[in-house]
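Read left to right, the sequence shown gives residues 57 to 214 (the numbering used here). Here is the structure we will look at.
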Amino acid sequence: MSLERARQHLERFGLGDAIVVTERSSATVDLAAEALGVAPERIAKTLSFRAGEPDRAVLVVMAGDARVDNGAFRQAFGLKARMLAGDEVEQLTGHAPGGVCPFGNPESATVYLDTSLRRFESVFPACGSASSAIELTCDVLHEVTGGAPWVTVSRLPG
Numbered sequence: 057m058s059l060e061r062a063r064q065h066l067e068r069f070g071l072g073d074a075i076v077v078t079e080r081s082s083a084t085v086d087l088a089a090e091a092l093g094v095a096p097e098r099i100a101k102t103l104s105f106r107a108g109e110p111d112r113a114v115l116v117v118m119a120g121d122a123r124v125d126n127g128a129f130r131q132a133f134g135l136k137a138r139m140l141a142g143d144e145v146e147q148l149t150g151h152a153p154g155g156v157c158p159f160g161n162p163e164s165a166t167v168y169l170d171t172s173l174r175r176f177e178s179v180f181p182a183c184g185s186a187s188s189a190i191e192l193t194c195d196v197l198h199e200v201t202g203g204a205p206w207v208t209v210s211r212l213p214g
């Protein structure tokens with residue numbers, strides 16, 4: 057159901073048929089990279105955090121090798137970076153853990169794009185299931201997420 061909601065969202069941009077469904081799980085960055093045959097850092101993981109209001113979530117899409125910078129997160133959102141509990145993820149994002157994506161989300165989830173993605177010509181966000189993804193340029197990702205704001209709330213390895 058979540059995959060279909062993401063597909064319907066992407067169809068509005070002529071991209072519904074571009075979704076790749078893998079035979080193997082792509083629920084983690086490493087599994088997704090292996091299933092898609094790409095470098096892990098090009099996986100656009102969508103992390104779900106508690107928002108300042110009850111029953112709301114902040115979704116941050118960042119590069120697979122990026123980690124949350126707690127200070128930058130606090131500065132950007134005025135909140136401590138606290139991930140949603142497993143049982144809250146689907147309720148607030150519309151997607152189960154492993155398939156959380158920036159497409160077809162309910163109003164309770166606000167999407168942001170992290171600048172760590174801009175290093176790549178294209179990235180691979182999930183599409184609502186633990187075995188789906190789509191390859192998009194950052195410009196197209198920005199467009200299909202409704203012009204999601206760009207933030208810098210990550211730090212890169214090294």
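Positions of the beta carbon are idealized from the N, C-alpha and C atoms, including for glycine.
Checklist entry - From this set, Q131, D111, F133, which residue's C-alpha is nearest V145's C-alpha? => result Counting from 1 along the sequence shown, the entry for residue 145 is found at position 89. That would be D111, whose Cα lies nearest to the Cα of V145.
Item to check | Any beta strand (DSSP E) of 3 or more consecutive residues that is wholly inside the segment 128-195 | outcome: Within the segment 128-195, the complete beta strand (DSSP E) runs of at least 3 residues are 165-170.
Checklist entry - What do you reckon, are the CB atoms on L115 and P158 nearer than 8 Å? => result Locating residue 115 in the sequence shown gives position 59, counting from the first residue. Locating residue 158 in the sequence shown gives position 102, counting from the first residue. For L115 and P158, yes; Cβs fall inside 8 Å.
Item to check | Residues bridged to R61 [DSSP beta-bridge criterion] | outcome: Indexing the sequence shown from 1 puts residue 61 at position 5. According to DSSP, which records beta bridges pairwise, R61 is partnered with nothing at all.
Next on the checklist: Rounded to the nearest angstrom, what separates F180 and V196 at their Cα positions?
Outcome noted: Residue mapping note: residue 180 aligns to position 124 of the sequence shown, counting from 1. Residue mapping note: residue 196 aligns to position 140 of the sequence shown, counting from 1. Those two C-alpha atoms are separated by around 12 Å.
Next on the checklist: If contacts are defined as beta-carbon pairs under 8 Å, then A83 and A189 qualify, I think. What distance do you get, rounded to the angstrom?
Outcome noted: Residue numbering aside, residue 83 sits at position 27 when the sequence shown is read from its first letter. Residue numbering aside, residue 189 sits at position 133 when the sequence shown is read from its first letter. Not quite, the Cβ-Cβ distance comes to about 11 Å (not below 8 Å), so this is no contact.
Checklist entry - A88 by DSSP, collapsed to three states: which one? => result Reading the sequence shown from its first residue, position 32 is the one you call residue 88. Three-state DSSP puts A88 in a helix.
Checklist entry - Which class does R211 belong to by DSSP, given the choice of helix, strand or coil? => result If you number the sequence shown from 1, residue 211 lands on position 155. Note: R211 maps to strand in three-state DSSP.
Checklist entry - Alpha carbon to alpha carbon, how far is E191 from A74? => result Reading the sequence shown from its first residue, position 135 is the one you call residue 191. Reading the sequence shown from its first residue, position 18 is the one you call residue 74. Roughly 8 Å between the two C-alpha positions.
Item to check | Buried or exposed by the 16-neighbour rule on C-beta atoms within 10 Å, applied to L212 | outcome: Taking the sequence shown and counting its residues from 1, one reaches residue 212 at position 156. Exposed: under 16 other Cβ atoms inside 10 Å.
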